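Be aware that the sequence shown starts at 15, since it is given in the working numbering, and climbs by one per residue. We treat Cβ as the ideally placed atom computed from N, Cα and C, and that holds for glycine. Small disclaimer: the values here were computed from a predicted structure and weren't measured.
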Amino acid sequence: MAANKKIVALGVAALLIGAACWHFFGNDTERESRSDFASERVSGQKSEDPQEPLPPTTTAARSMVSSSVVFQHYQCPPGMEDCERNPNVAATPEDAQWLLTHGYPTVKQIQDLRTRSTADYREEYQRTGSKVAQSLYAMSLALDGEARTAIGLLSQGAGQGNIYAYHLLSDLYRRTEELANLITSAAYLRAAYLAGDSRAADRYAYQFGILSPPENLLADKEAFRLFKTFGRGRNYLRP
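Put into structure tokens, the structure is as follows:
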């Protein structure tokens with residue numbers, strides 16, 4: 015089937031994205047997992063480098079921190095290229111607040127996935143209930159091969175305004191062997207755009223540019239259904 019062949023092609027393309035669109039799938043691996051996209055994680059070890067402060071995850075904490083501080087955490091890291099297409103990098107302080115509100119981890123938080131345990135992320139999510147903590151917990155579950163559990167958590171998050179959940183669901187349906195579905199993967203990324211993330215359009219063009227017109231039509235229809243089902247048609251425009 016042509017669509018299945020394209021899944022393989024897109025898997026290769028994902029490895030070439032690099033800094034063009036930062037996401038935690040497709041990095042070099044040092045451990046095997048039941049999912050194709052498992053990234054390296056140093057089991058049972060913490061990073062010896064000092065942990066830089068991360069943006070607050072609760073509404074109460076956010077109210078005590080200036081927008082400039084939040085913006086600092088979401089800015090493009092030194093040496094990282096093509097940040098204008100990276101959905102996790104903010105262009106303005108207002109953009110940074112939007113990312114924090116709608117579940118987008120910082121680049122540093124994504125990097126830390128390699129050194130923290132899923133139990134850590136579960137505890138943080140249960141303690142704070144924040145959308146960023148929810149995204150990180152789901153990502154850690156996926157790295158441990160618990161893709162279906164991650165999908166359930168992210169589907170719940172999408173219904174609560176976690177727009178980054180759509181990005182992660184797209185990755186899961188593209189990179190998990192037993193769940194691979196090109197149209198569904200494309201639809202979730204399109205749903206992120208419908209929910210308000212303008213940068214999802216750049217990522218869609220990069221990752222799904224090889225789709226045929228009929229496949230794009232199917233993805234569009236499914237995206238609208240997902241947006242109405244999970245997002246209830248609510249749009250949160252990215253600044």
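Residue i - DSSP class collapsed to helix/strand/coil
i           : result
residue 250 : coil
residue 142 : helix
residue 177 : coil
residue 244 : helix
residue 83  : helix
residue 221 : helix
residue 90  : coil
residue 24  : Unreliable placement is indicated for residue 24, whose pLDDT of 38 sits below 50; the coordinate value is still reported in the next sentence. Helix, per DSSP.
residue 101 : coil
residue 184 : helix
residue 208 : helix
residue 196 : helix
residue 216 : helix
residue 236 : helix
residue 95  : coil
residue 191 : coil
Pairwise C-alpha distance: residue j and residue i
i           : j           : result
residue 187 : residue 156 : 11 Å
residue 112 : residue 168 : 18 Å
residue 24  : residue 231 : Because residue 24 sits at a pLDDT of 38, beneath the cut-off of 50, its placement in the model cannot be relied upon, and the point is left open.
residue 241 : residue 128 : 31 Å
residue 106 : residue 130 : 29 Å
residue 214 : residue 202 : 10 Å
residue 98  : residue 252 : 14 Å
residue 37  : residue 236 : Low local confidence applies: a pLDDT of 47 at residue 37 is under 50, so the model's placement there is unreliable, and no value is given.
residue 217 : residue 126 : 23 Å
residue 114 : residue 194 : 29 Å
residue 60  : residue 110 : Here residue 60 scores only 42 on pLDDT, less than 50, and its place in the model is too uncertain to base an answer on.
residue 197 : residue 229 : 7 Å
residue 238 : residue 145 : 22 Å
residue 192 : residue 83  : 41 Å
residue 89  : residue 124 : 14 Å
residue 171 : residue 226 : 30 Å
Distance between beta carbons of residue j and residue i, contact taken as under 8 Å
i           : j           : result
residue 210 : residue 249 : 5 Å
residue 183 : residue 153 : About 11 Å separates the two Cβ atoms, so there is no contact after all.
residue 148 : residue 117 : 6 Å
residue 119 : residue 150 : 6 Å
residue 132 : residue 158 : 5 Å
residue 178 : residue 205 : Contact flag wrong, Cβ pair sits at about 12 Å.
Proximity test, Cβ basis, 7 Å: residue i and chain B
i           : result
residue 184 : Included in the structure is just one protein chain, with no chain B present.
*Curious, which full-length alpha helix (DSSP H) runs of at least 4 residues does the region 109-140 contain?*
Within the region 109-140, the complete alpha helix (DSSP H) segments of 4 residues or longer fall at 121-125, listed in chain order.
*Mind pulling the alpha helix (DSSP H) runs of 4 or more residues that sit fully within the region 149-177?*
Segments of the alpha helix (DSSP H) lying fully in the region 149-177: 161-172.
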